[in-house]
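J.: Those protein sequence lines, which keep their order, are chains A and B.
What the first sequence shows, in the numbering used here, is residues 679 to 936, in sequence order.
What the second sequence shows, in the numbering used here, is residues 900 to 1157, in sequence order.
Beta carbons: idealized from backbone N, C-alpha and C, even for Gly.
Since this is a predicted model, take the numbers as computed values, not measurements.
Please see the structure below; I have some questions.
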Amino acid sequence: MPVAGPPVLRLVGVSKFYPASGGPSVQALRDVSLEVGRREFISLVGPSGCGKSTLLGLIAGLDDPSAGSIEIAAGPDGASGEVAFMPQRDLLLPWRSLLDNATLGAEVGGGDRAAARKRARLLLPSFGLEGFADALPHTLSGGMRQRAALLRTVLLDREILLLDEPFGALDALTRAALQEWLLEIWERLKAAVLFVTHDVEEALWLSDRVYVMTRRPGSIQLNLPVGLSRPRTRAVRGTPEFAALKQRLLDALLADTS
Amino acid sequence: MNTHRVARIAPAIAVLAALVGVWELVTRLAAVPEWLLPGPSVIVIEFIESLPQLAPHTARTLLEAVIGYGAALLLAFLVAALIDQSGLARRALSPLLVTSQTIPIFALAPLLAIWFGFGITPKILIVALACFFPIAVSLAGGLRNADPDMQALVRSMGGSRRQVFSKVKLPSAIPALLSGMKIAASYSVIAAVIGEWVGASQGLGLYMLRASSSFQTARVFAVIAVIAVLSVALFLAVDVVGRRIAPWIYVRTEEAQT
């Protein structure tokens, strides 16, 4: 649930240019400003190639913006302001067991490995991964791999989770099941989520607010509060409110494409 | 699984048996003199009879091969890591590494004998030289081809260059490293033998030269057989070690075969 107070993530006027060989530089993002409140679930939708992944990369600190600023609130324990990033592909390291993949963050950050492993084991059942602690990634199904990648992201213990189309590569049924499950997990977490997708139903059903991006160079064209009560059930998708919201999102997206 | 394996190699064994049978028949029926082409049975008898002399020569050659191989592995690791970590080193060394593969290493054997005499040193050096290039080139390639997204993931967790290297790049390069190590393993014994041809006090190369200069052709064949068996054994040893330390590599290929 969103909590009042200062945002945990604030982008002001972020632009990104890439140098192009033998031509003018390419602009991927133009003047993007957005805010994510504490424990808020925000989706970012936009046409493919609009720079959604570039934006997440900037927030994750993999690259620097050409202009503008990205502010990330420090954690409650005063830990450095960093986000937990879950890329599009699950990127489980094939030579590591599920548990070792899940605790990669603690290992990289020099944290307490034994404690991280203990915590990961405790979380396995709620991630539907009980009994698979020692399994290598190639023995897991696509849905399990995605849940393992999310477990790895959650165990980073950050205030903000950046999820880049986490269910994009899954079949419709697995996808629907994982969306419900993600809502359950998030309601127990104390983290905000910035969720990138190009599926408007997914965005509406999961989020408190949805940002709509324009085509390249990507900028924010709409900030839509969802306002459907929580906890949400699947039935919400059949309501007139949902249909109206969906229409607004589609209108914004399609107006930009024409 | 075991019967499966037998069924897979059975045709190759049948062809080999047929070739040996034809060879035996031809030498007997055409009464080919033994100094020109001994039959397989003669070679086997010669092998058993000369076993007491063969054993120490074999041990010596194997020692040279293994020490040279180990030195090559160590050096190749250092050079490949340097190339990977430093752009300057890559630009300075990479082209040399690739072009140096066209130099016939074995032609250097007489030079090494001039510089280092007839002891064990020049043999180890020639083995090391022959094994260094395939290992270094394949390991450098493996490090370069490590998944950039996996590296970005570790960086997004706050990982240092060193952690990206040890947690992503190096494990990713294991398949390439192993294929380079297998090629090198199959070169190592013959490199030691060629080193011994130039001049040695012990070793299969020396034993073979003595046998050939006295027209003990069956013995020459016996030595060739030992060299072949040793080469295959070292190759298989690398393969077995590889399967142990990197079981995930073999998954896809084995699935494809069944």
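Where does residue 1078 of chain B land, buried or exposed, given buried means 16+ other C-beta within 10 angstroms?
T.: Reading the second sequence from its first residue, position 179 is the one you call residue 1078 of chain B. Answer is buried; the Cβ neighbour count reaches 16.
J.: Can you name the residues of chain B whose CB is closer than 9 Å to the CB of residue 763 of chain A?
T.: For the purposes of this step, residue 763 of chain A is identified with residue 85 of the first sequence, where counting begins at 1. The answer, in chain order, is 1051, 1052, 1055 and 1056.
J.: Rounded to a whole number of angstroms, what is the C-alpha to C-alpha distance between residue 1128 of chain B and residue 933 of chain B?
T.: By 1-based counting over the second sequence, the position of residue 1128 of chain B is 229. By 1-based counting over the second sequence, the position of residue 933 of chain B is 34. When rounded, the distance between both Cα atoms is 23 Å.
J.: Leaving aside the five residues before and after residue 939 of chain B along the sequence, list all residues of the same chain whose C-beta is less than 7 Å from its C-beta, in chain order.
T.: In the second sequence, counting from the first residue as 1, residue 939 of chain B sits at position 40. Cβ within range, chain order: 919, 922 and 923.
J.: What would DSSP say about residue 1085 of chain B, mapped onto helix, strand or coil?
T.: Taking the first residue of the second sequence as position 1, residue 1085 of chain B is located at position 186. Of the three classes helix, strand and coil, the one that applies to residue 1085 of chain B here is helix, per DSSP.
J.: In the structure shown, what three-state DSSP assignment does residue 725 of chain A receive?
T.: The count along the first sequence starts at 1 and reaches residue 725 of chain A at position 47. Residue 725 of chain A falls in the coil class under three-state DSSP.
J.: At a cut of 8 Å, does the region 856-873 of chain A reach the region 711-731 of chain A through at least three beta carbon pairs?
T.: yes
J.: For residue 1036 of chain B, tell me which candidate among B:1007, B:1063 and B:1081 has the shortest Cα-Cα distance.
T.: To locate residue 1036 of chain B, count along the second sequence from 1; it is residue 137. Per the Cα distances, B:1081.
J.: Exposed or buried, residue 912 of chain B, counting other C-beta atoms within 10 Å across all chains shown (16 or more means buried)?
T.: Residue numbering aside, residue 912 of chain B sits at position 13 when the second sequence is read from its first letter. It is exposed - the Cβ of residue 912 of chain B has fewer than 16 other Cβ atoms within 10 Å.
J.: Determine whether the Cβ of residue 697 of chain A lies closer than 8 Å to any Cβ atom of chain B.
T.: Counting from one through the first sequence, the residue named residue 697 of chain A turns up at place 19. No, residue 697 of chain A does not count as interfacial toward chain B.
J.: Taking C-beta pairs closer than 7 Å, name the residues in chain B that residue 773 of chain A reaches, listed in chain order.
T.: On the first sequence, residue 773 of chain A is found 95 positions in, with the first residue counted as 1. Ordered by position in chain B, the residues that pass the 7 Å Cβ test against residue 773 of chain A are 1070, 1145 and 1147.
J.: How should residue 883 of chain A be labelled, buried or exposed, when 16 other C-beta atoms within 10 angstroms of its C-beta is the threshold for buried?
T.: Position 205 of the first sequence holds residue 883 of chain A. Counting Cβ neighbours within 10 Å, residue 883 of chain A comes out buried, since at least 16 surround it.
J.: Taking only beta-carbon positions, decide if residue 952 of chain B is within less than 8 Å of chain A.
T.: Within the second sequence, residue 952 of chain B is the residue found at index 53, counting from 1. It does not; no Cβ of chain A falls within 8 Å.
J.: Let me see if you follow: with CB-CB separation under 8 Å, is residue 665 of chain A close to chain B or not?
T.: Nothing can be reported for residue 665 of chain A, as the shown portion of chain A is limited to 679 through 936.
J.: In chain E, which residues lie with their C-beta within 8 Å of the C-beta of residue 690 of chain A?
T.: Reference to chain E is not applicable here, since the protein chains of this structure are A and B.
J.: Return the Cβ separation of residue 1097 of chain B and residue 1008 of chain B in integer angstroms, given the expectation that the two are a contact with Cβ distance under 8 Å.
T.: Position 198 of the second sequence, counted from the first residue, corresponds to residue 1097 of chain B. Position 109 of the second sequence, counted from the first residue, corresponds to residue 1008 of chain B. That belief holds up - the Cβ atoms of residue 1097 of chain B and residue 1008 of chain B are roughly 5 Å apart, short of 8 Å.
J.: At what residues does the alpha helix (DSSP H) containing residue 1036 of chain B begin and finish?
T.: Working through the second sequence from its first residue, we reach residue 1036 of chain B at position 137. That run of the alpha helix (DSSP H) goes 1020-1043.
J.: Quick check on residue 756 of chain A: buried or exposed, where buried means 16 or more other Cβ atoms within 10 Å of its Cβ?
T.: The residue labelled residue 756 of chain A in the question sits at position 78 within the first sequence. The pLDDT assigned to residue 756 of chain A is 46, lower than 50, so where the model puts this residue is not dependable, and the model offers no usable value.
J.: Using a C-beta to C-beta distance shorter than 7 Å, which residues of chain B count as neighbours of residue 767 of chain A?
T.: Locating residue 767 of chain A in the first sequence gives position 89, counting from the first residue. The contacting residues are 1048.
J.: Residues in the same chain with beta-carbon distance under 6 Å from residue 845 of chain A, minus the five sequence neighbours each way, listed in chain order, please.
T.: Working through the first sequence from its first residue, we reach residue 845 of chain A at position 167. 853 and 856.
J.: Using a Cβ-Cβ cut-off of 6 Å (strictly less than) and excluding sequence neighbours within five positions of residue 1148 of chain B, which residues of its own chain qualify?
T.: Locating residue 1148 of chain B in the second sequence gives position 249, where the first residue counts as 1. 1074.
J.: So that I know if they touch, is there some Cβ in chain B lying closer than 8 Å to that of residue 729 of chain A?
T.: On the first sequence, position 51 is the one that residue 729 of chain A refers to. No, residue 729 of chain A lies away from the interface with chain B (no Cβ there is under 8 Å from its Cβ).
J.: I need the straight-line Cα distance from residue 773 of chain A to residue 1131 of chain B, nearest angstrom please.
T.: For the purposes of this step, residue 773 of chain A is identified with residue 95 of the first sequence, where counting begins at 1. For the purposes of this step, residue 1131 of chain B is identified with residue 232 of the second sequence, where counting begins at 1. Between residue 773 of chain A and residue 1131 of chain B, the C-alpha separation is close to 27 Å.
J.: Run through DSSP, which three-state label would residue 903 of chain A get?
T.: Here residue 903 of chain A refers to the residue found at position 225 when the first sequence is read from its first residue. Three-state result, residue 903 of chain A: strand.
J.: Name the chain B residues whose beta carbon is nearer than 9 Å to that of residue 686 of chain A?
T.: By 1-based counting over the first sequence, the position of residue 686 of chain A is 8. Within chain B, no residue comes near residue 686 of chain A; the closest Cβ sits about 17 Å away, beyond 9 Å.
J.: At which residue ranges does the region 807-843 of chain A contain complete beta strand (DSSP E) runs of 3 or more residues, listed in the order of the chain?
T.: Correct list: 838-842.
J.: Count the other CB atoms within 10 Å of the CB of residue 1000 of chain B; is the residue buried (16 or more) or exposed (fewer)?
T.: To locate residue 1000 of chain B, count along the second sequence from 1; it is residue 101. Residue 1000 of chain B is exposed by the Cβ-count criterion.
J.: Is residue 1114 of chain B buried or exposed, if buried means 16 or more other CB atoms sit within 10 Å of its CB?
T.: As a first step, residue 1114 of chain B must be located in the second sequence, where it is residue number 215. Classification of residue 1114 of chain B: exposed, given that the 10 Å Cβ count is below 16.
J.: In chain A, which residues lie with their C-beta within 7 Å of the C-beta of residue 1062 of chain B?
T.: Along the second sequence, read from residue 1 onward, the residue named residue 1062 of chain B stands at position 163. Result: 786.
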